[in-house]
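I have placed the structure first, in the form of structure tokens, so that the comments after it can refer back to it.
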Amino acid sequence: LYRRLSEVLGLNDETMVLSVFIGKIITNLKYWGQCEPITSKTLQLLNDLSLGYSSVRKLVKLSAVQFMLNNHTSEHFSFLGVNNQSNLSDMRCRTTFYTALGRLLMVDL
Numbered sequence: 001l002y003r004r005l006s007e008v009l010g011l012n013d014e015t016m017v018l019s020v021f022i023g024k025i026i027t028n029l030k031y032w033g034q035c036e037p038i039t040s041k042t043l044q045l046l047n048d049l050s051l052g053y054s055s056v057r058k059l060v061k062l063s064a065v066q067f068m069l070n071n072h073t074s075e076h077f078s079f080l081g082v083n084n085q086s087n088l089s090d091m092r093c094r095t096t097f098y099t100a101l102g103r104l105l106m107v108d109l
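FYI, the UniProt record's numbering numbers position 84 of the sequence shown as 84, with every residue one higher than the one before it.
Structure below.
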């Protein structure tokens, strides 16, 4: 996947490819937060990226990831808001989001 993206986008560094992924993840979560299928798949990608120790070490250094770690509120990510319309899928999305953020926070411990 990295090789193909580097060919298509001209990115020759794994960190740059991760930056593109995280940028798209943040965009999806900010602007498509009310669309559960998109939010769910986006969060699954974030979750998958947070599973590998080497990728987490690189991700934590990205400014976009620092943005997520510092601004994890419904003001920035609407699916994090709690209201009368919240359902089970919203709770699953929040759980997946905070699980991934937790992995990113624990990398340096």
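No residue lacks a Cβ here, since even glycine has one placed at the ideal position from N, Cα and C.
Please report the Cβ distance between residue i and residue j, rounded to the nearest whole angstrom; I am assuming they are in contact, meaning their Cβ atoms lie under 8 angstroms.
| i | j | result |
| --- | --- | --- |
| LEU104 | SER50 | 6 angstroms |
| GLY33 | PHE77 | 6 angstroms |
Going by beta carbon distance, what residues of the same chain come within less than 8 angstroms of residue i, once the five residues before and after it are set aside?
| i | result |
| --- | --- |
| ASN28 | ILE38, THR39 and THR42 |
| SER19 | LEU62 and ALA64 |
| LEU5 | LEU11, VAL17 and VAL20 |
From residue i to residue j, what does the alpha carbon distance come to, in whole angstroms?
| i | j | result |
| --- | --- | --- |
| CYS93 | VAL56 | 20 angstroms |
| ASN70 | VAL8 | 32 angstroms |
| MET91 | THR15 | 31 angstroms |
Using 10 angstroms around the beta-carbon of residue i, count the other beta-carbons present and answer buried if the total reaches 16, otherwise exposed.
| i | result |
| --- | --- |
| ASP13 | exposed |
| LEU59 | buried |
Looking only at its own chain, which residues have a Cβ that is under 7 angstroms from the Cβ of residue i, when we skip the five neighbours before and after it?
| i | result |
| --- | --- |
| MET68 | ILE26 and LEU101 |
| THR99 | ASN47 |
What residue range is occupied by the uninterrupted alpha helix (DSSP H) comprising residue i?
| i | result |
| --- | --- |
| CYS35 | Per DSSP, CYS35 belongs to no alpha helix (DSSP H) and is neither H nor E. |
| SER54 | 53–59 |
| THR73 | Run containing THR73: none; DSSP gives neither H nor E here. |
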